[in-house]
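Written below as structure tokens is the structure these notes are about.
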Amino acid sequence: MTKDIKTGRYLIIVPTYNEIMNIKEFIPAVLKRDKKIDILIIDDNSPDKTARAVKNIMKKNNRVFILEREGKMGLGTAYIEGFKYGIEKKYKYIFEMDADFSHNPKYLIKMIESLNKGADVIIGSRYIHGVSVAHWPLKRLMLSKFANIYASIMTGVKVKDLTAGFVGYKRKVLENIDFHYIKASGYAFQIEMKYKSHLWDFKLKEIPIIFADREKGESKISKKIVYEALFRCVTLRFSKKPEKLKKYLKKKH
Ligand SMILES: Nc1nc2c(ncn2[C@@H]2O[C@H](COP(=O)(O)OP(=O)(O)O)[C@@H](O)[C@H]2O)c(=O)[nH]1
Ligand SMILES: [Mg+2]
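Adding 19 to a residue's 1-based position in the sequence shown gives its number in the working numbering.
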């Protein structure tokens with residue numbers, strides 16, 4: 020990693036696994052929203068050569084970066100590596116986003132505005148006005164909705180979309196979270212990040228988004244990810260660790 024510092028800029032972290040059909044359109048669609056935006060792709064050696072396509076774009080664009088990992092290691096560890104990169108380079112705001120256009124890049128502008136206006140964590144939420152998800156089968160919709168109600172009751176965090184993966188953080192929020200204790204990937208990771216931000220008394224805000232199901236490529240969601248989330252809520256609920264830590268650690272601003 021080079022030492023160049025990116026104060027005042029925004030980093031969009033995008034984990035990819037077999038996104039060749041989306042990535043070439045996705046990158047410019049994100050970059051054009053704001054001159055201060057940089058993108059960090061975290062690719063897990065996608066068999067479809069997503070990384071090669073990204074590196075081609077990088078030849079002509081100095082706002083795109085890539086971290087390549089040896090194999091499919093899951094979303095949680097990908098985000099954590101991205102967060103560490105963003106913290107080290109002192110990005111002002113650090114976002115997570117999917118490459119499959121489920122998260123429309125147009126919402127980035129409003130999300131950045133919210134952070135400018137005082138939110139510490141901004142969540143692109145599917146469940147503010149009922150349900151705003153396009154083209155999802157009923158089964159998946161029910162699963163997601165149920166998981167969110169359950170997660171909110173268990174963790175006590177009053178956020179309607181706790182499993183959302185379209186999230187922006189002020190750097191200070193991520194600097195306060197000890198990634199060492201975050202073992203989850205998938206939905207559980209998303210819940211845990213919001214729970215930890217809440218424990219540190221950071222201001223979480225949601226803005227409504229319309230979430231579109233992917234049109235190209237395949238989803239990698241598995242049953243394991245769902246069970247992990249259900250179980251992790253129980254351990255978050257009954258573990259005292261974060262509260263204990265809070266007593267000893269000083270919040271960084
Ligand atoms: N680096 C990395 N990216 C992943 C992995 N699993 C999924 N992704 C990416 O994470 C994002 C969300 O995954 P997706 O399959 O769309 O999940 P879904 O939206 O829950 O169906 C997409 O950009 C994927 O390419 C993984 O194991 N490693
Ligand atoms: Mg998706």
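We put the beta carbon where it would ideally sit given N, CA and C, even for glycine.
Using CA coordinates, which residue listed in the options is at the minimum distance from residue i?
i, options, result
"N75", "A48, I39, K108 and G95", "I39"
"A231", "S204, D139, F250 and A118", "A118"
"N80", "I141, K68 and L59", "L59"
"T96", "G205, L255, I85 and W219", "G205"
"L181", "K239, K164 and R82", "K164"
"R159", "F102, Y98 and S241", "S241"
CB residue i to CB residue j, shorter than 8 Å?
i, j, result
"L193", "F114", "no"
"I226", "K109", "no"
"K43", "A70", "no"
"V245", "L162", "yes"
"A153", "I201", "no"
"F221", "M116", "no"
"C252", "Y188", "no"
Who are the Cβ neighbours of residue i in its own chain at under 7 Å, not counting the five residues just before and after it?
i, result
"H217", "V176 and L223"
"K51", "none"
"K179", "S144, Y146, I147, N167 and E225"
Just checking: is the beta-carbon of residue i within a distance shorter than 8 Å of some beta-carbon in chain B?
i, result
"N135", "The question asks about chain B, but that chain is absent: this structure has only one protein chain."
Excluding the 5 residues flanking residue i on each side, which residues of the same chain have their C-beta closer than 6 Å to its C-beta?
i, result
"D67", "N37 and I39"
"D139", "K189, V192, F221 and K222"
Q) Just checking, does the stretch 49–68 make contact with the stretch 144–162 on the three C-beta pairs under 8 Å criterion? A) Proximity of the stretch 49–68 to the stretch 144–162 falls short of the contact definition, fewer than three beta-carbon pairs being nearer than 8 Å.
(Q) Three Cβ pairs or more, each shorter than 8 Å: is that satisfied between the stretch 207–225 and the stretch 160–177? (A) Touching, yes, given that three or more Cβ pairs across the two stretches are closer than 8 Å.
Q: Just list the beta strand (DSSP E) runs in the stretch 107–186, keeping only unbroken ones of 3 residues or longer that don't cross its boundaries, in chain order.
A: As summarised for the stretch 107–186, the continuous beta strand (DSSP E) elements at least 3 residues long and confined to that stretch are 112–115 and 140–144, given in chain order.
Q) How about the stretch 84–93 and the stretch 127–145: do they share at least three Cβ pairs that are nearer than 8 Å? A) By the Cβ test, the stretch 84–93 is not in contact with the stretch 127–145, since fewer than three Cβ pairs between them sit closer than 8 Å.
Q: Check whether the stretch 127–136 touches the stretch 47–55, taking contact to mean three or more Cβ pairs, one atom from each stretch, closer than 8 Å.
A: Using a Cβ-Cβ distance cut-off of 8 Å, the stretch 127–136 and the stretch 47–55 are in contact, since at least three pairs of beta carbons, one from each stretch, lie closer than that value.
Q: Can you check the stretch 192–270 for any alpha helix (DSSP H) of at least 4 residues that lies completely inside it and give the ranges in chain order?
A: Correct list: 205–218, 242–257 and 260–267.
Q: Jot down the residue ranges of each uninterrupted alpha helix (DSSP H) in the stretch 35–105, minimum 4 residues, whole runs only, in chain order.
A: Runs of the alpha helix (DSSP H) lying entirely within the stretch 35–105 and spanning at least 4 residues, in chain order: 39–50 and 69–79.
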